[in-house]
Amino acid sequence: MQVRTSSAFIGALLLLGALTGCASQNSVNQLPDNVVLAEPERAEFRYEIELARIAQMLGEDLTQEQRAELYYRRGALYDAVGLRTLARMDFTRALEYNPRLADAYNFLGIQYTQLEEFDYAYEAFDSAIELDPEHRYAYLNRGIAEYYDARTELSQEDLEYHLEKEPEDPYRVIWLFLAEYENDPEQAQISLEENAEELDKSEWGYQITQLYADKLSKEAFLERMTRNLGDSEKLTERLCEAYFYLGKYMQIKGDQLEAMNYFKLALMTNVYEFVEHRYASVELTRIRHALLNR
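For the working numbering, add 340 to where a residue sits in the sequence shown, where the first one is 1.
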């Protein structure tokens, strides 16, 4: 699932070319059975052209609003290719020139969540919501931050509100399930099945809800995950999502080592702007810490 902003520009700008092939294995554990590997996505040449063009424009005589937009655009490009520190610096600069850029606050909140700097993340998301109470993704992203900060009741509130806006979105159903599961696993399963009734059963995301509802085996899920790719859908994007949610599924089942491997596979796709790629590294760090301290 892509981490989106409300800017139509970003949706067009951050498309990445999908390539199929192989990916390398990392570290101590062998690959899970029946995995599909894809060559990591690569940033297109036009990204370099766009970055160079923005750098040149920033040297020109601009209004504060124009300069803010350029820093924001460059930050979004940096973020899309995994240069998170440079992206964070540019989003901060953009807000110095125009402190009313809700999308820049949203991006900063996401990045602070990845760093597990939750106080800064909440401040950024709250600012985004204050500036744009109907922001499409700030509630989702704040809910995810609260989930990782173990503020699961608050997370559930934000994710329920987010789901109400688009009840047919399977990823909203999935993240709400993950938050609810921390509070009440049995109720989470009931809610998951109820919420899944609103989904299009032919959509890929519906398969994830069925895995979590124990109506689809892991083996069947792996077999189906490369089927029926849409015209605009890429294999690497599908695999990034599939492996992240398989990692979360294996956590629920209590198999942390296999979960680690799925999170590594999600990271290997290099689909940097997807929620699943962003938080796979957080999940890995937490599992390693837990294994070292048990």
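For every residue, glycine included, the Cβ atom is placed at its ideal position computed from N, Cα and C.
- Taking the Cβ atoms as the reference, residue 418 lies roughly 16 Å from residue 408, outside the contact range of under 8 Å.
- Following the DSSP letters along the chain, one finds residue 525 inside the alpha helix (DSSP H) bounded by residues 525 to 536.
- Note on residue 555: under 16 other CB atoms within 10 angstroms of its CB, so exposed under the neighbour-count rule.
- In terms of Cβ geometry, residue 488 and residue 515 do not form a close pair [threshold 9 Å].
- By the neighbour-count criterion, in which 16 or more other beta carbons inside 10 Å mark a residue as buried, residue 400 falls on the exposed side.
- With contact defined as three or more Cβ pairs closer than 8 Å, the region 598 to 616 and the region 574 to 588 are in contact.
- One thing to note: residue 434 has its Cβ within 9 Å of the Cβ of residue 415.
- The residue among 618, 576, 628, 623 with its C-alpha nearest the C-alpha of residue 375 is 576.
- According to the DSSP assignment, residue 502 belongs to the alpha helix (DSSP H) that extends over 492 to 505.
- In this structure, DSSP gives residue 581 a helical state, which the three-state scheme calls helix.
- When Cβ pairs closer than 8 Å are counted between the two stretches, the region 594 to 603 is seen not to touch the region 455 to 463, the count staying below three.
- Where residue 418 is concerned, the enclosing alpha helix (DSSP H) starts and stops at 404 to 420.
- Burial state of residue 549 is buried, judged by a 10 Å Cβ sphere holding 16 or more other Cβ atoms.
- Between the alpha carbons of residue 519 and residue 507 lies a distance of about 16 Å.
- Taking residue 523 as the centre and dropping the five residues before and after it, the same chain places the C-beta of 492, 493, 496 closer than 7 Å to its C-beta, in chain order.
- Membership of residue 428 in the alpha helix (DSSP H) is indicated by the continuous run 424 to 437.
- For residue 488, the enclosing alpha helix (DSSP H) starts and ends at 478 to 488.
- Per the C-alpha coordinates, the member of 398, 454, 600 positioned closest to residue 624 is 600.
- The alpha-carbon of residue 618 is positioned some 31 Å away from that of residue 404.
- DSSP places residue 475 in the coil class of the three-state scheme, outside both helix and strand.
- Here residue 634 carries a coil assignment [DSSP, helix/strand/coil].
- Of the other Cβ atoms in all chains shown, 16 or more fall within 10 Å of the Cβ of residue 467; this residue is therefore buried.
- Taking 8 Å as the upper bound for CB-CB distance, residue 551 and residue 589 are in contact here, some 6 Å apart.
- In this structure, the alpha-carbon of residue 547 lies about 44 Å from that of residue 437.
- Taking 9 Å as the cut-off, the beta carbon of residue 586 is found closer than this to the beta carbon of residue 558.
- By the criterion of a C-beta distance shorter than 6 Å, residue 447 is surrounded in its chain by 431, once the five residues flanking it on both sides are discounted.
- Scanning its chain for C-beta atoms nearer than 6 Å, with the 5 sequence neighbours on each side dropped, one finds around residue 453 the residues 461, 485, in chain order.
- In the DSSP annotation of this structure, the continuous segment of the alpha helix (DSSP H) that includes residue 443 starts and ends at 442 to 454.
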